[in-house]
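Taken in order, the sequence shown gives residues 48 to 181; the numbers are from the working numbering. Read through the structure below, which is laid out as structure tokens, and then see the notes.
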Amino acid sequence: MWQLHGPAIFELKQLIRISDEDFRAVEPFIKDNALHFNDEAIELDPENAEKIAGAVDEIRRNLPPKPKPATTIPDRVSTLEKMCQTIVFEFRHLADADVGSEVRFNLGLTLKCVTDALHHVNSQHGLYPSDSNE
Numbered sequence: 048m049w050q051l052h053g054p055a056i057f058e059l060k061q062l063i064r065i066s067d068e069d070f071r072a073v074e075p076f077i078k079d080n081a082l083h084f085n086d087e088a089i090e091l092d093p094e095n096a097e098k099i100a101g102a103v104d105e106i107r108r109n110l111p112p113k114p115k116p117a118t119t120i121p122d123r124v125s126t127l128e129k130m131c132q133t134i135v136f137e138f139r140h141l142a143d144a145d146v147g148s149e150v151r152f153n154l155g156l157t158l159k160c161v162t163d164a165l166h167h168v169n170s171q172h173g174l175y176p177s178d179s180n181e
């Protein structure tokens, strides 16, 4: 730690609770034994601990949000399965509803387009065995 951050991290950790990750965000604000924030140099000593904690909290709040970790393939498949179940439920619900012939026709066209698109994905990638191979 000393080699990586020098004495500043130890001085700051004696004054406030701060993680190594947060220190890396605050480190550019520390120069000459002071935290430079909002045009003020706050000396790193115990009498300024409260002021330093407030400045560090403000710096933390202004950090860009951490990027979300990439979703795993199994999680994506699980999400897709839930979406498909929702779509099937909605098709069934609309098919059972008392709708006019134009709406029913459009629902049928939508179902046909989705079915064709999914068959095309399957034929391109062989995700599910074809019934014709039996």
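Where a beta carbon is used, it is the ideal one built from N, C-alpha and C, also for glycine.
| Item | Value |
| --- | --- |
| Taking only runs of the beta strand (DSSP E) that begin and end inside the region 53-130, which ones reach a length of at least 3 residues, in chain order? | 81-84, 87-90 |
| Pair every Cβ in the region 120-138 with every Cβ in the region 79-98, then say whether three or more of these pairs are closer than 8 Å. | no |
| So, helix, strand or coil for ASP145, using DSSP? | coil |
| So, helix, strand or coil for LEU206, using DSSP? | The requested residue 206 does not occur in the structure, where the chain is confined to residues 48 to 181. |
| Under 6 Å Cβ to Cβ from ALA100, same chain only, skipping five residues before and after it: list those, please. | ILE63 |
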